[in-house]
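Input: a single structure, listed below in C-alpha cells.
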Amino acid sequence: MEDRSAKYRAFYAQLICAAAKVTDSRIEQAFRTVRREAFVGPGPWSICLGGHPYVVTPDDDPAFIYQNTLLALDNARGLNIGMPGAHAYWLGGCGVREGEIVIQIGAGSGYYTAILAHLVGPGGRVHAYEIDERLAGLARENLKDIGHVDVRERSGIVSDLPTADVIYVCAGAAQPASEWLDALRPGGRLVFPLAPEGVLGGMLMITRPDQGAIWPAKFLGRAQFIGCAGLQDAEAGRRLAAAFAKGWDSVQSLRRGGAQDETCWFAGEGWWLSTAPPPAPALGIPPLADITQA
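So for the sequence shown, the UniProt record's numbering puts the first residue at 1; every next one is plus one.
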C-alpha cells in the first residue's frame, strides 16, 4: 500500500502544483513527501469540494485522498484539511525559504505544518498554534518526529509570539491581529484569510517594511475558512462582502493608522487597505488566482 501511496502522491503533487502555477520545485517535493493519510486518520474518509456536501469514500484506498479536495477532520463543525491546490498557490506566493522561522495559526491535525516544516528545513523552525484540544493532540502526535516543529495548544492571538519571517494563518479573520503584525521581522510576510466566518474573502499577504506605517499588501486570491476565534465581526463581514463584490485585485498597501483617503478599499479599527502603492516595491508574487475555498 505504501508503494501505491507514493505513486499517488507523486502524481497529486505534480498536478496541484501545475494547476497552482508553482515555480518553486521544493513545494512540489513537499507535497510529494508528506503522507496525507497520517493527518486524516483511518478511512473511509469524508471528502468534498468547497461549498458542496461531503461524500464518503467507498473504502480506505489512499487514491481517494490524493485529489484536490477538502478532507474532513470533523464533519459536524466543517473542520477540514484544506484544499491543497489553494495552499500550494499561497505558499508559492509568500515564498517560504529554507532556514526561516514560521508561525502557523490554526494547525489542525498538522498536515500543512508538515509541509511548512519541509520548506524551512531542519535549519528553520515552525511554531504551530492550535486552539482545539483534540486537534492539537493529533498534530502533536503526527509531528512528533519532526524536530524543528513545536505545537502549542493555545490561541495564536497573543502578545508573546516569537518573531517570525512568515506567519501563515489557516482561519478566517475580519482583521489582521496586531500581534501578528508586531511579530514579523522586517521583510516578513503575514498571509491570512481576510474572510470572517461565512464570508468568501481573500488570502491577503502583508509584508513588513524596514520602517514606516505603509506596508506592501496584495491579495493572493479568494479564500474562505472556518473563523478564527477572537477576530470575528459581523458588521465588518458585511462590509467586506460588499467590498469584495466591487473588486479586490487593486489593493496594494496596508496603512496602520493615518487619515483615510480616496484610495481606501476597506477600513478597520486602526488600519485600512489602500489601492495606492507603498513607498517601496513589494516582494514578487505569482499572478492572481481564484482557486477555491480552503
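Each residue gets a CB set at the ideal place from its N, CA and C atoms; glycine is no exception. Please read these numbers as outputs of a predicted model, since none were measured by experiment.
I'd like the list of long-range same chain contacts for residue i, defined as Cβ closer than 7 angstroms, with 5 residues on each side in sequence excluded.
i: P277; result: Q252, S253
i: Y43; result: Reading off the sequence shown, one finds Gly at residue 43, where the question assumed Tyr. Taken in chain order, the residues that qualify are T57, D59, D60.
i: R32; result: R9, A10, A13
i: W131; result: The residue you asked about is not Trp; residue 131 is Ile in the sequence shown. Excluding sequence neighbours, I131 sits near R154, S155, A229.
What are the start and end residues of the beta strand (DSSP E) that includes residue i?
i: V40; result: First-last for V40: 37-40, but that is the alpha helix (DSSP H), not the beta strand (DSSP E).
Is the beta carbon of residue j closer than 8 angstroms to that of residue i?
i: A20; j: G92; result: yes
i: C170; j: Y112; result: yes
i: C99; j: G123; result: For clarity, residue 99 is Gly in the given sequence; the question names Cys instead. For G99 and G123, yes; Cβs fall inside 8 angstroms.
i: L119; j: A30; result: yes
i: Q104; j: Y168; result: yes
i: Q224; j: G258; result: no
i: R189; j: C48; result: no
i: I65; j: E28; result: no
With residue i as the anchor, note down where its alpha helix (DSSP H) starts and where it stops.
i: R152; result: Element bounds for R152: not the alpha helix (DSSP H) but the beta strand (DSSP E), 149-152.
i: C94; result: 84-94
If you draw a straight line from the C-alpha of residue i to the C-alpha of residue j, how long is it?
i: R70; j: F244; result: It should be noted that the sequence gives Leu, not Arg, for residue 70. Taking the straight line from one Cα to the other gives about 24 angstroms.
i: residue 295; j: G85; result: Residue 295 lies beyond the residue range present for the chain, which begins at 1 and ends at 294; the question has no answer from this structure.
i: I285; j: N68; result: At I285 the pLDDT is 49, less than 50, meaning the model places this residue with poor confidence and gives no usable figure here.
i: M205; j: L240; result: 16 angstroms
i: A242; j: L143; result: 40 angstroms
i: I115; j: A183; result: 22 angstroms
i: N80; j: W265; result: 31 angstroms
i: L138; j: V199; result: 28 angstroms
i: S25; j: S5; result: 20 angstroms
i: I101; j: G156; result: 15 angstroms
i: F192; j: A63; result: 30 angstroms
i: V34; j: G247; result: 36 angstroms
i: R255; j: M203; result: 17 angstroms
With a threshold of 8 angstroms on Cβ separation, who are the neighbours of residue i within its own chain once the five nearest residues in sequence on each side are excluded?
i: Q175; result: L194, L231, D233, A236, G268, E269, W271
i: T263; result: S274, T275, A276
Return the chain-ordered list of same chain residues with a C-beta closer than 6 angstroms to the C-beta of residue i, the five sequence neighbours on each side being excluded.
i: P186; result: R208, D210
i: G106; result: C170, A171
Can residue i be considered in contact with the ligand SAM, in the sense that its beta carbon sits closer than 7 angstroms to one or more heavy atoms?
i: C264; result: The ligand SAM is absent from the structure shown, which contains no ligands of any kind.
Tell me, to the nearest whole angstrom, how far the beta carbon of residue i is from that of residue j; I am working on the premise that it is less than 8 angstroms.
i: H148; j: R134; result: The Cβ separation is near 24 angstroms, so there is no contact.
i: A72; j: S46; result: 4 angstroms
i: C228; j: A173; result: 5 angstroms
i: I39; j: S109; result: The displayed chain sequence assigns Phe, not Ile, to residue 39. 5 angstroms between Cβ atoms; contact.
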